[in-house]
Amino acid sequence: MTLGGLLLTLSVSHHVREIAVLSTQLGPMIALFLDGSLSLGLIYAGYWLRQRNLTATTEWSVGIWTIFGGLVGATIAGITLTVEVIEGRPLVEPQFRLLVSAGGGALVLFT
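Residue numbers (our numbering): 11 to 121.
Here you go:
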């Protein structure tokens with residue numbers, strides 16, 4: 011739940027700033043729906059996990075794999091961003107890519 015809450019906080023703050031700066035709200039709202047949904051999925055997964063009668067060791071194992079998945083997703087996104095910098099391409103909203111990759115990776119390894 012903590013990782014999901016952190017990612018949701020980062021997503022909301024990033025996209026609220028985006029809405030304030032951009033002339034359109036549609037893009038940031040769609041982006042917030044995407045990465046916010048992944049974050050809410052993680053929050054629900056944590057809640058679901060707490061409702062199960064699992065041992066503390068099993069809960070920790072699931073938590074560690076979830077965090078590991080988030081880190082792997084963010085690392086892969088970071089590597090692609092690094093390649094774009096090396097190629098001289100402009101970075102377009104790297105925060106969004108990192109948030110989606112971290113949330114998606116965490117959800118994949120939660121299961």
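Glycine residues also receive a C-beta, built at the ideal position from the N, C-alpha and C atoms. Remember, it's a predicted structure, so these values are computed and weren't measured experimentally.
Can you tell me whether DSSP reads Met11 as helix, strand or coil?
coil
Reduced DSSP secondary structure (H/G/I, E/B, other) of Pro38
Collapsing the DSSP output to three states places Pro38 in a helix.
Three Cβ pairs or more, each shorter than 8 Å: is that satisfied between the region 84–91 and the region 51–67?
Contact fails: fewer than three Cβ-Cβ distances are below 8 Å.
Confirm, please, whether the CB-CB distance from Gly14 to Leu52 is below 8 Å.
yes
Rounded Cβ spacing between Phe120 and Thr76 (contact assumed at less than 8 Å)
With a Cβ gap of about 5 Å, Phe120 and Thr76 count as contacting.
Quick one: residues in its chain with C-beta nearer than 6 Å to the C-beta of Gly79, no 5 flanking neighbours on either side, listed in chain order?
Gly115, Ala116, Val118 and Leu119
Tell me, to the nearest whole angstrom, how far the beta carbon of Ser49 is from that of Leu17; I am working on the premise that it is less than 8 Å.
Going by Cβ atoms, the distance from Ser49 to Leu17 rounds to 4 Å, so yes, they are a contact pair.
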